[in-house]
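Heads up: the sequence shown at position 214 corresponds to 214 in the UniProt record's numbering, and the numbers run straight through without jumps. The C-beta atom is built at its ideal place from N, Cα and C for all residues, glycine as well.
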Amino acid sequence: MAESGSNDDSNAIDNCAGENSGEKSGEKSGEKSPQDSVQAYDAPDLNLVASEPYSSFTVTERRLIIVTASIVAFFSPTSGSIYFPALNDIAKDLGVSESLVNLTVTTYLILQGLAPTFVGTFSDDAGRRPAYMICFIVFMTANIALALQNNYAALLVLRCLQSAGSSGTIALSYAVAADIVTSAERGSYVAYSTIGPMVGPTLGPVIGGLLSQYLGWHSVFWFLFITAAIVAVPLLFFFPETNRKLVGNGSIPPPALNVSLYAWWKQRRLRRKGDDQDEQQHYQPPARKMRFPNPLKTLMVLRNKEASILLIANGLLMACYYGVASFLPSVAHAAYGFNTIQVSLLYIPVGAAGIICAATNGRILDWNYRRHARQLGVPLAKNRHQNTRDFPLEAVRLEVAIPAFCMGSISVIALGWVLDQEVHVAATIVILFILGYCISAGANCINILTVDLFPKKPATATAANNLVRCSLGAVASAVVVPMHQAMGIGWTSTVLGVIWFACVPALLIVKTWGGSWRRKELDREAKRNGEKEEQKRQADVEGRNKVS
């Protein structure tokens, strides 16, 4: 099966992570699907619909794939937060100061930002399955070593290795969603992929506090290893390759390295029966060169004007959350006299809000997409790849994100003053729930729009998002405690809320002018691709002339 469509077509048609195998057949036959026959809106590009499904996976299969990716992404934030309740015990057992133990938290965050820059570019080139397998091997090896060591230097190094193994899974979860879901349906599906990353920071401190108190801090790492092994087995056996560069809409057989064990066993059984001879004669997956991941590709995402504004806004949002997470334990202990386990329970409302947000915010985004389509007279074809070059993607996503940013900034300020005045803990729980929902909703909208902007390299784009988020989060974690000591919790939270609200004008600018920026970038990319094709054609002509 040949690679589909021309470069110009692939740039004019939105937001397909790689080439869609169905476009080629549609060009050859000239046939149109029922959705193609609908005529509306004076920009004809918006009505261009691929002749074959965007994804060959069923609705149930797509949901299972994305939920699986979300479960895997659970390990990155959990590995960081599960460690916090054990910090004092680790410092005592290893005979080091608390500041040295806190250094292992800082290095973990640094690697959490850097590692996805390698994993994202690697998965965009080599596939999602190999990237997942490497992440699990590194993560599980690091946890075994951490569970067996009793040395500070080993702890410091192995925590970096643990972070490198787990942190790439968040970028992969968004990439998988972009592989199998169109922009029109992306809100609901991508929301599922946020459940793991949102629940992790909530359950992590609770699990870590219980394990370290009753079984010792080494049991934290045994727990992570065992749960990772449980998840890795079905991932190895059943999780399919979704990278559109390799499998198109899922109907193209993947290279041997990317085949799940179940698919390999199924193909082997068919070969024995002789049922797949025709398929094997028609198509053989091309051999692909393995390249060392280039992290600079991630930094190139920040050269995009629209993406840089979005990623900084999302980074500041998460920095405010990290700031709250940093001051909450000590302030809650001082205000309410809570012990470690009681403080860890305060994170549950944040996680519960994240789960509810996953169930509701995605539906709101998809509803807003359909609303704009109706206003423009654009027909929507379910599970069909459509051109959204002139579609107001920025308005669709940011009309939901901006209210979340506004409400979230108010919640941060309210939380600080409630804690400062030692108001009843019920008020704190309610505000934490609202804060958790706003953080989830705002981050979800920005993440989806980022994937919309970079449909052919979603993992790389998400890795850039993660790099900015973790960098600003590390700064916030380091600055908030001195701010609290100097200004008090009320004014500290006010500063965080104002920083968060300052993102709103920037998002309004993207909402207003982002569409024109995106179209200009697509035109430039189409021009570059055209020049590359012309150079390649001329080189082929010169080569044939030399041979003759």
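Item to check | First through last residue of the alpha helix (DSSP H) which encompasses F225 | outcome: Segment 218 to 238, the alpha helix (DSSP H) holding F225.
Checklist entry - Do C406 and Q112 come within 8 Å of each other at the CB atom, strictly closer than that value? => result The criterion of a C-beta distance shorter than 8 Å is not satisfied by Q112 and C406.
Item to check | C-alpha distance - G208 paired with I439, whole-angstrom precision | outcome: The alpha-carbon atoms of G208 and I439 are separated by roughly 23 Å.
Checklist entry - In angstroms, rounded to a whole number, what distance separates the CA positions of G543 and I134? => result Near 40 Å, if we compare the C-alpha coordinates of I134 and G543.
Item to check | Inter-residue Cα distance where the pair is V233 and P197 | outcome: Taking the straight line from one Cα to the other gives about 20 Å.
Checklist entry - Comparing alpha-carbon positions, which option in L155, N444, L393, I356 lies nearest A373? => result Nearest C-alpha to A373: L393.
Checklist entry - So what's E531 in DSSP terms, helix, strand or just coil? => result The answer is helix: DSSP assigns E531 an H, G or I state.
Item to check | Residue closest to Q162, alpha-carbon to alpha-carbon, out of E534, F327, L109, G514 | outcome: Nearest option by C-alpha distance: L109.
Checklist entry - For A459 versus S166, is the C-beta spacing smaller than 8 Å? => result No. Outside cutoff.
Item to check | Start-to-end residues for the alpha helix (DSSP H) that takes in Q375 | outcome: 348 to 376 is the span of the alpha helix (DSSP H), which, as asked, contains Q375.
Checklist entry - Under three-state DSSP, which class holds P85? => result P85 carries a helical assignment under DSSP once its states are collapsed to helix, strand and coil.
Next on the checklist: Are the CB atoms of S193 and Y174 within a distance shorter than 8 Å?
Outcome noted: Cβ distance < 8 Å, so Y174 and S193 count as in contact.
Checklist entry - Considering only C-alpha positions, which residue in the set A401, T494, I144 is nearest to G323? => result Cα-wise, what sits closest to G323 is T494.
Next on the checklist: Once the 5 residues before and after T169 are set aside, which same chain residues still bring their CB inside 7 Å of it?
Outcome noted: In chain order, V72, A73, F75, S76, C135 place their CB closer than 7 Å to the CB of T169, counting only its own chain and leaving out the 5 sequence neighbours on each side.
Checklist entry - Using a Cβ-Cβ cut-off of 8 Å (strictly less than) and excluding sequence neighbours within five positions of V400, which residues of its own chain qualify? => result Result list for V400: N361, I364, L365, N368, A441, C445, in chain order.
Item to check | Nearest to W500 (by Cα), restricted to the options L522, Q535, V412, K520 | outcome: In terms of CA proximity to W500, V412 leads the group L522, Q535, V412, K520.
Checklist entry - Buried or exposed: where does D125 fall if 16 or more other Cβ atoms within 10 Å of its Cβ makes it buried? => result Counting Cβ neighbours within 10 Å, D125 comes out buried, since at least 16 surround it.
Checklist entry - Whose CA, out of R524, G515, V451, lies closest to the CA of E185? => result If we check each option's Cα against that of E185, V451 comes out closest.
Next on the checklist: Suppose contacts are defined by Cβ-Cβ distances below 8 Å. Is N243 in contact with N465 by that definition?
Outcome noted: No.
Next on the checklist: In whole angstroms, give me the CA-to-CA distance for S477 and Y321.
Outcome noted: The straight-line gap from Cα to Cα measures roughly 9 Å.
Checklist entry - Roughly how many whole angstroms lie between the Cα atoms of G120 and A463? => result Between G120 and A463, the C-alpha separation is close to 6 Å.
Checklist entry - Quick one: what does DSSP say P53 is sitting in, helix, strand or coil? => result It is a strand residue.
Next on the checklist: Suppose you measure from the CA of P116 to the CA of Q421; what does that come to, to the nearest Å?
Outcome noted: Straight-line spacing of the CA atoms in P116 and Q421 works out to 41 Å.
Checklist entry - Around the C-beta of G80, are 16 or more other C-beta atoms found within 10 angstroms, so that it is buried, or is it exposed? => result Around the beta carbon of G80, a 10 Å sphere encloses 16 or more other beta carbons of the protein chains shown; the residue is thus reported as buried.
Item to check | Where E31 falls: helix, strand or coil (DSSP) | outcome: Low per-residue confidence applies at E31: pLDDT is 40, beneath 50, and the placement is therefore not dependable enough to give any value.
Checklist entry - So what does DSSP say about K511, is it helix, strand or coil? => result The three-state reading of DSSP puts K511 in helix, counting H, G and I together.
Next on the checklist: Which same chain residues end up closer than 8 Å to residue 549 when comparing Cβ atoms and leaving out the 5 residues on each side of it in sequence?
Outcome noted: Summary: the structure shown does not reach residue 549, with the chain confined to residues 1 through 548, and so no result is reported for it.
Checklist entry - DSSP on Q538, reduced to helix/strand/coil? => result In the structure shown, Q538 sits in a helix (DSSP, three-state: H, G or I).
Checklist entry - Run through DSSP, which three-state label would S251 get? => result In the structure shown, S251 sits in coil (DSSP, three-state: anything other than H, G, I, E or B).
Checklist entry - Taking the alpha carbon of E525 as the point to measure from, which residue in N304, V510, W513 has its own alpha carbon closest? => result With distances taken between Cα atoms, E525 lies closest to N304.
Checklist entry - Which residues mark the beginning and the end of the alpha helix (DSSP H) in which N150 is found? => result Premise fails: N150 is in no alpha helix (DSSP H) and is neither H nor E.
Checklist entry - Measuring CA to CA, which of L94, V105, G95 is closest to T78? => result Of L94, V105, G95, the residue nearest in Cα terms is V105.
Item to check | Buried/exposed call for L215, threshold 16 Cβ in 10 Å | outcome: Exposed is the call here.
Checklist entry - Between which two residues does the alpha helix (DSSP H) containing S409 stretch? => result From DSSP, the alpha helix (DSSP H) with S409 extends over 393 to 420.
Item to check | Option nearest H218 by Cα separation, candidates S56, Y262, I144, R370 | outcome: When only C-alpha atoms are compared, the closest one is I144.
Checklist entry - Start and end of the alpha helix (DSSP H) containing A464? => result Here the alpha helix (DSSP H) through A464 covers 458 to 487.
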